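All remarks here apply to the structure that follows.
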Amino acid sequence: MTRRGGEVLPRLAWSALAVTVALVAADVAVATRAVPLFSETAVAVHGFPFVEAASVGCALMGALIVARYPRHPVGWLLIVVGLSTAISLVAEAYAYWVLEAGGPGPTALGGVGAWLAQLCGGQLVIGVLAWLFLLAPDGHLASPRWRYAAAVPTVGSALCLGAILTVDPTTFDLVAANDRFGPTRLVVLSIGFLLILIGMALAWISVLVRLRAATGDERQQLRPIALSAGLAAAGLVMLVTVQQVTGGVQTWLAGVPLFVAFLLMPILFAVAALRYRLYDLDVIIGQTVLVVAGTAFAALGYTALVVLAGRLLEGRAGGFWLSLVATAAVALAFQPLRRFAVRLADRAAYGTRAQPYEALAAFGRRLADAPDPDELLPAVAEAAARAVSAQGARAALAVPGGDPATGTWGWWPAEVEIPHPSFTVRAEGRDLGTIEVVLRRGRSLRPSDVRLLEALADQTGVAFRNTVLAGALAARVADLDRTTRDLAASRARLIEADDAARRTLEAAIARDVLPYLASLPTEIDAARAALAAGDDPHLEALIAGTNRALEALRELTRGVFPAQLARSGLDAALRGLVARAGMTAELTTGIDQHRYPARVEAAVYFCATEAVGSAGGPVAVHLAEVDGDLVLRVGGLDPAFDRRSATDRAEAAGGRLRVEGDVAVLTVPATPIASPIDSPVGAAPAVPAPGAVPGTG
Numbered sequence: 000m001t002r003r004g005g006e007v008l009p010r011l012a013w014s015a016l017a018v019t020v021a022l023v024a025a026d027v028a029v030a031t032r033a034v035p036l037f038s039e040t041a042v043a044v045h046g047f048p049f050v051e052a053a054s055v056g057c058a059l060m061g062a063l064i065v066a067r068y069p070r071h072p073v074g075w076l077l078i079v080v081g082l083s084t085a086i087s088l089v090a091e092a093y094a095y096w097v098l099e100a101g102g103p104g105p106t107a108l109g110g111v112g113a114w115l116a117q118l119c120g121g122q123l124v125i126g127v128l129a130w131l132f133l134l135a136p137d138g139h140l141a142s143p144r145w146r147y148a149a150a151v152p153t154v155g156s157a158l159c160l161g162a163i164l165t166v167d168p169t170t171f172d173l174v175a176a177n178d179r180f181g182p183t184r185l186v187v188l189s190i191g192f193l194l195i196l197i198g199m200a201l202a203w204i205s206v207l208v209r210l211r212a213a214t215g216d217e218r219q220q221l222r223p224i225a226l227s228a229g230l231a232a233a234g235l236v237m238l239v240t241v242q243q244v245t246g247g248v249q250t251w252l253a254g255v256p257l258f259v260a261f262l263l264m265p266i267l268f269a270v271a272a273l274r275y276r277l278y279d280l281d282v283i284i285g286q287t288v289l290v291v292a293g294t295a296f297a298a299l300g301y302t303a304l305v306v307l308a309g310r311l312l313e314g315r316a317g318g319f320w321l322s323l324v325a326t327a328a329v330a331l332a333f334q335p336l337r338r339f340a341v342r343l344a345d346r347a348a349y350g351t352r353a354q355p356y357e358a359l360a361a362f363g364r365r366l367a368d369a370p371d372p373d374e375l376l377p378a379v380a381e382a383a384a385r386a387v388s389a390q391g392a393r394a395a396l397a398v399p400g401g402d403p404a405t406g407t408w409g410w411w412p413a414e415v416e417i418p419h420p421s422f423t424v425r426a427e428g429r430d431l432g433t434i435e436v437v438l439r440r441g442r443s444l445r446p447s448d449v450r451l452l453e454a455l456a457d458q459t460g461v462a463f464r465n466t467v468l469a470g471a472l473a474a475r476v477a478d479l480d481r482t483t484r485d486l487a488a489s490r491a492r493l494i495e496a497d498d499a500a501r502r503t504l505e506a507a508i509a510r511d512v513l514p515y516l517a518s519l520p521t522e523i524d525a526a527r528a529a530l531a532a533g534d535d536p537h538l539e540a541l542i543a544g545t546n547r548a549l550e551a552l553r554e555l556t557r558g559v560f561p562a563q564l565a566r567s568g569l570d571a572a573l574r575g576l577v578a579r580a581g582m583t584a585e586l587t588t589g590i591d592q593h594r595y596p597a598r599v600e601a602a603v604y605f606c607a608t609e610a611v612g613s614a615g616g617p618v619a620v621h622l623a624e625v626d627g628d629l630v631l632r633v634g635g636l637d638p639a640f641d642r643r644s645a646t647d648r649a650e651a652a653g654g655r656l657r658v659e660g661d662v663a664v665l666t667v668p669a670t671p672i673a674s675p676i677d678s679p680v681g682a683a684p685a686v687p688a689p690g691a692v693p694g695t696g
């Protein structure tokens, strides 16, 4: 829609409303000359005052809808209904005045009035109403199949209009109109009106189908419209039924139910618009109430003051000064009235004054249930939107180290073109999140709305703080649980490794040491007997066998826990390890032979042992103390290096192991406990590793 169309169409709609009001006023003026206003003819036949009020109401609702949506079909159909009805009313009143009450004007002009009333009256209006209910509330048919239903009242209205247009307007008779149609036109007119009635029934069914499929706010909006369609259909049935009984005479019982249903139609549309926000007319209606109240007060106040003062002064003051005083008095009195008018407009547009506070109270009750963030954020957004009658709202909670958690309620735009009103949620001086609302077009927040949302933000601050604390606590619990599981798994692996090391040591002793010791008791007994007999006991062989057993045992236990680590410290033990590895290992160290806690020295030593032992080629070992940490760096690792076992040993000492390619870096927090000068031999007792045999070296 172009900008020009958006400006011209609403003006055209308001102009149509003004014309409708003028025609209805003319109808009342003419009808009072023709018949008594509350006679059976005026009420049961002409429809006063029901049809007049319905005509203005339809035009007003249509203008309001077009002002909000310039091309909305429902708005324009309501305007057509109101304007067409007003034309029919004033034409019918004039025709009756001329043809039946001897009013001014020739008989031919009265006939034209009767013809125009028939042309713009019942058949056309009912056909348009059928289209109105088929398209309500969104301006589209319920489905493509309903276009066939829409064709039924269209064809019926076309047949009726064709029959009326072919009659001579100047000879048309208001009372005996059927005599002027002739048999053929009467058949066409009857078929057309029957199709219009069928179309009206189909329109009511369409509204019921929409109502059955609708949910939430849409269902609430459709209920008044469905009631209006049902009342209109019932009124038509009553009209046709009673006229069949009375021989075509329109009595109170025949006409009044349909007229009342017609009057209730714009009222029910207004209920849907105001109570259930149909077409978003609350802003326009609120502004209209304010302007009308101000204009009426200014006009009535000025007129009353001028007339009253004029009678009191009796010409003792000039007209200019009288007008000036009246203008000043009206201006001074308008401000209190303006506040009342604003409250009245707000009441009409946004409901009762208790609604925002009811929303806050309901929100407080929901907070008492201590919902989780998935429920809290939508609850905050809903409370904010309902408190100020906004289209939608969004609540955002800042998450430390992550993206904010958000929850929305109502309509929220996919892309924010302009900033929405935003309120920061704070607690204990910290910004915890925000609350944003989307207002309907043409509306801004009032000071009372700002205070309400600020109060809501304050009330939300405690809940947001509790949610943040609960989230941090849950994260800490999860972290501790994960650490506990890791430690349990590490301990299980250490126990399994300990058992495996013991089994391996036992098998090695049985294989490499026990063969030397198996015959030792027998050989000792033989040497003792030979010595007693004065013979040579051959102790050299016995000593040699014992030394071989000790050497084998020493070789087995050297890699388990060397005595040199406990006696001389980490530097000496690593040098011994590199010396046993021969030319495949190279050591550089910068710890100046300091001693460290036994668990730290054991962790570093055994990690180095596993790294050097698994290497298939040259290995470079570097040990240094950096910022209070012992850092062991081993290069030239074999891919088969047992990383898990080394990691468990590092974590047991509070350290960490990092492997990058063929380089392993072990970092263990450590502080020297004694210098080599102050520490006696063995001053730092060692804790035996799994499977270690203390005292072997």
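Here numbering that gives the first Met the number 0 is used: position 291 in the sequence shown is 290, and no number is missing along the way.
Cβ atoms here follow ideal geometry from the backbone N, Cα and C, with glycine treated the same way.
Small disclaimer: the values here were computed from a predicted structure and weren't measured.
Taking all protein chains shown into account, Pro617 has fewer than 16 neighbouring C-beta atoms within 10 Å of its C-beta and is therefore exposed. For Pro668, the enclosing beta strand (DSSP E) starts and ends at Val662 to Pro668. Taking Leu252 as the centre and dropping the five residues before and after it, the same chain places the C-beta of Val241 closer than 6 angstroms to its C-beta, in chain order. In terms of Cα proximity to Pro152, the closest of Gly138, Ala162, Leu376 and Leu133 is Leu133.
Note: Asp628 is bridge-paired with Val625 and Pro668 in the DSSP secondary-structure output.
The beta-carbon separation of Gln220 and Pro143, rounded to 23 angstroms, does not stay under the 8 angstroms limit for a contact. Annotated three-state conformation of Ala43 is helix, per DSSP.
The three-state reading of DSSP puts Thr165 in coil, since its state is none of H, G, I, E or B. Spanning the alpha carbons of Pro265 and Arg429 requires a straight line of approximately 52 angstroms. For the options Ala58, Ala43 and Val127, the alpha carbon positioned closest to that of Val23 is the one of Ala58. In the structure shown, Trp13 adopts helical secondary structure according to DSSP, grouped into three states.
Distance from Ser83 to Cys119 at the Cβ level is roughly 5 angstroms; contact confirmed, criterion being Cβ atoms closer than 8 angstroms. Listed in chain order, the non-local C-beta contacts of Leu516 below 6 angstroms within the same chain comprise Ala548, local neighbours out to five positions each way being set aside.
The continuous alpha helix (DSSP H) containing Arg450 extends over residues Pro446 to Asp511.
Residue pairing of Arg655 in beta bridges, as defined by DSSP: Thr666.
In the DSSP assignment, Leu586 forms a beta bridge with Val620.
Between Asp628 and Ala597, the CB-CB gap reaches or exceeds 8 angstroms. Between Ala225 and Leu207, the gap from beta carbon to beta carbon is short of 8 angstroms. With respect to the C-alpha of Tyr595, the residue from Ala651, Ile494 and Pro671 having the closest C-alpha is Pro671. Look at Ala395 here: in three-state DSSP terms it is strand.
Rounded to whole angstroms, the separation of the alpha carbons of Asp480 and Ala474 is 10 angstroms. Restricting attention to Thr169, Pro69 and Pro377, the CA atom closest to the CA of Glu435 is found in Pro377. Just measuring C-alpha positions, the residue of Thr423, Leu140, Leu263 and His139 sitting nearest Met60 is Leu263. The C-beta distance from Val630 to Thr587 rounds to 12 angstroms, too long to fall under 8 angstroms, and the pair is not in contact.
Contact check for Leu431 against Arg464 passes: the beta carbons are separated by less than 8 angstroms. Minimum Cα-Cα distance from Thr646 among the listed residues Ala619, Val398, Ala607 and Gly612 corresponds to Ala607. The beta carbons of Ala62 and Ala15 sit closer together than 8 angstroms. Assignment of beta-bridge partners to Trp251 by DSSP yields no partner. Distance from the CA of Val79 to the CA of Trp13, rounded to the nearest whole angstrom, comes to 12 angstroms. For Arg70, there is no enclosing beta strand (DSSP E), since its DSSP letter is neither H nor E. For the set Gly589, Ala572 and Val611, the Cα lying nearest the Cα of Ala601 is the one of Ala572. In terms of Cβ geometry, Leu160 and Leu196 do not form a close pair [threshold 8 angstroms]. Counted as a single uninterrupted DSSP element, the alpha helix (DSSP H) harbouring Asp524 occupies residues Leu519 to Ala531.
Across the structure, His139 and Phe180 are spaced so that their CA atoms are roughly 37 angstroms apart. When secondary structure is reduced to three states using DSSP, Trp114 falls in the helix class. DSSP places Phe132 in the uninterrupted alpha helix (DSSP H) bounded by Gly121 to Leu134.
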